[in-house]
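In this note's numbering, the protein residues as written are 1410 to 1515. First comes the structure, then the notes that go with it.
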């Protein structure tokens, strides 16, 4: 059963190493970073700035309050996706919705 398969990723806090990772250590790697904010009004802007600064491929952006149920996935192209994930009390995925939006360019 698809829903019974689980993948667990354990992460640890580390010093900011995106710049040397992308520029020196693994310039051809597909790099994903994470951005967690408390203010939804600045989240997408900060994600875009991270993509511009580090020149990597994707930022998974979360609001602290809703980090367990939704995330914005920002890429270096002109689109971002809002991923909504609903989990039950056993933390099994019950529903996933992905909406893709074109970014507005000034």
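Each residue gets a CB set at the ideal place from its N, CA and C atoms; glycine is no exception. These numbers were taken from a predicted model, which means no experiment stands behind them.
Are the Cβ atoms of residue i and residue j separated by less than 7 Å?
i, j, result
"residue 1471", "residue 1480", "yes"
"residue 1439", "residue 1469", "no"
"residue 1463", "residue 1423", "no"
Whose C-alpha, out of the options, is nearest the C-alpha of residue i?
i, options, result
"residue 1482", "1466, 1433, 1474", "1466"
"residue 1484", "1478, 1457, 1473, 1474", "1457"
Taking the straight line between their C-alpha atoms, what separation do you get for residue i and residue j?
i, j, result
"residue 1436", "residue 1425", "16 Å"
"residue 1449", "residue 1433", "32 Å"
"residue 1476", "residue 1446", "9 Å"
"residue 1429", "residue 1461", "15 Å"
"residue 1418", "residue 1452", "23 Å"
"residue 1441", "residue 1420", "13 Å"
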